[in-house]
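Engineer:
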Amino acid sequence: MMTTRITELLGIQYPIIQGGMIWCSGWKLASAVSEAGGLGLIGSGSMYPDVLEEHIVQCKAATNKPFGVNLPLLYPQIADHIDIILRHQVPIVFTSAGNPKTYASIFREHGVKVVHVVSSTKFALKAQEAGCSAVVAEGFEAGGHNGREETTTMCLIPAVSRALDIPVIAAGGIYDGRSMAAAFALGAEGVQMGSRFIATPEASAHEAFKEAVLRAGEGDTLLTLKELTPVRLLRNPFFSAVMEAYASGADKDTLAELLGRGRAKKGMFLGDLAEGELEVGQISAMMDKIQPAGEIVHEVMEEFVRICERLGKISH
């Protein structure tokens, strides 16, 4: 067991948080990570309110350890989601894609701890001012929706850690105990891993998407669609269509029409590798097998401890 402000804040054994990825992070993955000593998150961004409620109930039945919900603040039925989270007394919420100020106060009134995902020091400070208990500082390497600034984790974590009084969780490019140790050296007190947990039996992603992630090599992902919402995509025919649109001078409306609706569900949940949007981080180039989520948590933590012992930086 390791103690940091993050483990104490979240009531977990290890400072490892599973990213609340849309279409990948249901109750099976969240409960497996929490059971292993980390913090599992249900990704509510791809769920209707009744589906979110079902996942919370199932997660509670599968583990008595802390888990949370990742709540994108731009979600159209956010009031319904908040009501469900409060009614079922979910202890932790990770917010993203918006300003947490209004919602943080609502959650705090009900004893819910709020952690906000940021991609810059500016927004990290706003999260702290809003009353968030911690932030996830997510670097350019991360999969899915990302910051327009393209600040790498190596640069972002020390800048945010220096600016804040609340603890920082590092995200983006976190694959193993080595990258976790690097994040701690930069000032983080916990790490969030998203892409690594896609290639698990418990992830709700389609098997075809999981296999596509395992086949990815260096340079097979790119941050794009900044005019809409920046997203890191795995190369496929849809990705090629996006690049062709840029080459022909497409404007924002044309890109939005090309993206359409349900593109991420089509790719990651339904397994359409040609027309779907395939969101994953740069660490996909290092992933080569399907592995149980709990095994990943223990493997990462054991390697982290070995490296820290070797470097003589911390005791445990």
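Residue numbers for the sequence shown follow the working numbering, so the first one is 297 and each next one is one higher. Glycine included, each C-beta is placed from N, C-alpha and C at the ideal position. Since the model is a prediction, treat every value here as computed from it, not as a measurement.
1. Given a threshold of 16 other Cβ atoms within 10 Å of its Cβ, counted over all protein chains shown, does R557 qualify as buried or as exposed?
2. Suppose the cutoff is 7 angstroms on Cβ atoms and the five residues either side in sequence are ignored; what does the same chain contact list for G333 look like?
3. Quick check on this structure: which residue in L554, L452, Q373 and D549 has the alpha carbon closest to the alpha carbon of V431?
4. Could you pull out every residue in the same chain whose Cβ sits closer than 8 angstroms to the Cβ of G473, ignoring the five residues on either side in sequence?
5. Nearest to H351 by alpha carbon, out of G316, A477, K409 and R492?
6. Does the Cβ of K562 have 16 or more other Cβ atoms within 10 Å, making it buried, or fewer, making it exposed?
7. With a CB to CB cut of under 8 angstroms and the five nearest residues on each side skipped, what residues in its chain are close to G513?
8. Rounded to whole angstroms, what is the Cα-Cα separation between I374 and G545?
9. Just list the beta strand (DSSP E) runs in the segment 453 to 497, keeping only unbroken ones of 3 residues or longer that don't cross its boundaries, in chain order.
10. Is it buried or exposed for Y542, if we count other Cβ within 10 angstroms and need 16 for buried?
11. Helix or strand or just coil, what does DSSP make of V509?
12. Is the distance from the Cβ of G613 to the Cβ of L325 below 8 angstroms?
13. Excluding the five sequence neighbours on either side, which residues of its own chain have a C-beta within less than 8 angstroms of the C-beta of Y344, listed in chain order?
14. Starting from G613, follow the beta strand (DSSP E) in both directions and report where the run begins and ends.
15. Within 10 angstroms of the Cβ of A589, are there 16 or more other Cβ atoms? Answer buried if so, exposed if not.
16. Near K361, which residues of its chain fall below 7 angstroms by C-beta distance, leaving aside the five closest residues on each side in sequence?
17. By alpha-carbon positions, which one of M298, E405, T447 and K397 ends up nearest to A423?
18. Select from I313, V347 and D376 the residue whose C-alpha is nearest the C-alpha of F363.
19. So, does the segment 498 to 518 touch the segment 456 to 470, judging by three or more C-beta pairs under 8 angstroms?
Structural biologist: In brief:
1. Residue numbering aside, residue 557 sits at position 261 when the sequence shown is read from its first letter. R557 comes out exposed.
2. As a first step, residue 333 must be located in the sequence shown, where it is residue number 37. Beyond the five residues adjoining it in sequence on each side, G333 comes within less than 7 angstroms, by CB distance, of I308, Q309, Y310 and V593 in the same chain, given in chain order.
3. Numbered from its first residue, the sequence shown carries residue 431 at position 135. Comparing Cα positions, the closest option is L452.
4. By 1-based counting over the sequence shown, the position of residue 473 is 177. Taking C-beta separations shorter than 8 angstroms and ignoring five residues to either side along the sequence, the partners of G473 in its chain run E595, V596, M597, E598, E599, F600, V601, R602 and I603, following chain order.
5. Position 55 of the sequence shown, counted from the first residue, corresponds to residue 351. With distances taken between Cα atoms, H351 lies closest to G316.
6. Here residue 562 refers to the residue found at position 266 when the sequence shown is read from its first residue. Result: buried.
7. The residue given as residue 513 occupies position 217 in the sequence shown. Within the same chain, G513 has close Cβ partners A581.
8. Here the question's residue 374 lines up with position 78 in the sequence shown. Here the question's residue 545 lines up with position 249 in the sequence shown. Roughly 35 angstroms separates the two Cα atoms.
9. 464 to 467 and 486 to 489
10. For this step, residue 542 is matched to residue 246 along the sequence shown. It counts as exposed.
11. Here residue 509 corresponds to residue number 213 of the sequence shown, with the count starting at 1. Note: V509 maps to helix in three-state DSSP.
12. Missing from the structure shown is residue 613; the chain here goes from 297 to 612 and no further.
13. Here residue 344 is taken as the residue at index 48 of the sequence shown, counted from 1. Closer than 8 angstroms at Cβ, skipping near neighbours: Q373.
14. Because the chain here runs from 297 to 612, residue 613 falls outside it and cannot be looked at.
15. Along the sequence shown, one-based indexing puts residue 589 at 293. Result: buried.
16. Position 65 of the sequence shown, counted from the first residue, corresponds to residue 361. Same-chain partners within the cutoff: S330 and E331.
17. Sequence index remark: in the sequence shown, residue 423 carries index 127 (1-based). The shortest C-alpha separation from A423 is found at K397.
18. The residue labelled residue 363 in the question sits at position 67 within the sequence shown. The shortest Cα separation from F363 among I313, V347 and D376 belongs to I313.
19. no
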